[in-house]
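Going left to right, the sequence shown walks through residues 5 to 245 as the working numbering numbers them.
Built from N, CA and C at the ideal position, the CB exists for glycine as well.
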Amino acid sequence: MQPLTSTITAPSIAAPVRETAVALRRSPVLGASELSRVNAELEHASPAEIVRWAHERFGARLKMTASFADTALIDIATGVAPDIEVIFLDTGFHFAETLNTVRRAMERYELNLTVLRPAADAADVWERGSDACCAARKVDPLANYLPRHADAWLSGLRRADSAERASVPIVSIDKRGLVKVNPMANMSDLDYQTYIAERDVIVNTLAFDGYSSIGCWPCTEPSTDRSGRWGGSKTECGLHL
Ligand code: SF4
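This is the structure:
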């Protein structure tokens with residue numbers, strides 16, 4: 005059974021609409037020479053300037069994902085493109101604090117929010133580090149939705165997040181053939197915290213209880229880095245591989 009998708013237009017969640025499987029894109033919308041040139045040009049650009057380039061290049065075919073650990077990227081992106089479609093992967097196992105962060109963000113930013121859900125019969129295989137569960141509840145719903153609705157997407161990855169993310173590019177071609185843009189890649193922890201404070205960005209209240217990285221409740225413990233995810237058995241869910 006295929007993953008479900010729905011759009012929140014009000015604080016309540018609309019009934020899900022079925023999506024069908026899609027094939028991976030065969031040719032990227034950004035050629036190798038443009039990709040190299042753009043990365044060189046944007047390496048020292050601000051996050052807002054990077055979003056602006058992506059919005060001018062891809063228009064409404066630019067989307068963004070949000071985990072709602074905070075709304076820093078939402079704040080940056082909606083400052084450039086107020087109507088940008090924000091995609092939230094509702095795994096069914098989010099903390100109440102995360103869902104509350106979604107509601108607060110909807111109120112503040114009047115988000116154009118799309119909620120993607122797993123197939124109704126997705127197995128509850130959420131033991132720590134379960135690749136099958138992350139695939140069914142995160143990777144597959146996004147893989148089924150993005151290629152039919154987007155040419156490019158924004159992600160909140162920062163090089164300071166972890167050793168695995170230390171060299172993430174500003175712009176790349178993902179495994180689906182879509183253009184992936186990381187506007188905050190160059191933000192240091194200090195830059196990031198300064199931005200949050202200066203812009204009074206909404207922060208998931210779990211952060212004040214020691215959760216520096218926030219995922220699903222069965223797989224997340226308080227920690228000062230991403231080692232609190234999946235009991236330390238892995239550090240990525242598969243969305244960014
Ligand atoms: S983080 Fe845990 S509960 Fe959430 S999708 Fe992955 S394995 Fe499942």
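Within the same chain, Thr239 and Glu240 come within 8 Å of Glu168 by CB-CB distance, once the 5 residues on both sides are set aside. For a cut-off of 8 Å, the C-beta gap from Val172 to Val183 is around 14 Å, too long to register as a contact.
For Leu158, the enclosing beta strand (DSSP E) stretches over residues Ala156 to Leu158. For Ile206, no alpha helix (DSSP H) encloses it, and the DSSP letter there is neither H nor E. Separation of Asp87 and Gly219 (C-alpha to C-alpha, rounded to the nearest whole angstrom) is 26 Å.
One alpha carbon belongs to Ala109, the other to Ser237, and they sit about 31 Å apart.
Relative to the Cα of Leu146, the nearest Cα in the group Thr82, His244, Tyr196 and Ser37 belongs to His244. Within the same chain, Trp130, Cys220, Trp221 and Pro222 come within 7 Å of Phe97 by CB-CB distance, once the 5 residues on both sides are set aside. Between the C-alpha atoms of Pro151 and Phe62 there is a straight-line separation of about 13 Å. Counting only beta-carbon distances shorter than 6 Å to the non-hydrogen atoms of the ligand SF4, the qualifying residues in chain order are Thr95, Phe97, Trp130, Ser134, Cys137, Cys138, Arg141, Lys142, Gly219, Cys220, Pro222, Cys223 and Cys241. For the stretch 58-94, the continuous alpha helix (DSSP H) assignments of 4+ residues that do not extend past its boundaries occur at 76-84, in sequence order. Judged by beta-carbon spacing, Phe92 lies within the 7 Å limit of Ala70, meaning their Cβ atoms are closer than that value. Restricted to the stretch 119-196, the alpha helix (DSSP H) segments that are unbroken, complete and at least 4 residues in length are 135-138 and 144-153, listed in chain order.
Between Ala140 and Ala126, the C-beta gap is smaller than 7 Å, which places the two residues in contact. DSSP places Arg112 in the uninterrupted alpha helix (DSSP H) bounded by Ala100 to Tyr113. The C-alpha of Ala124 is placed about 36 Å away from the C-alpha of Val84.
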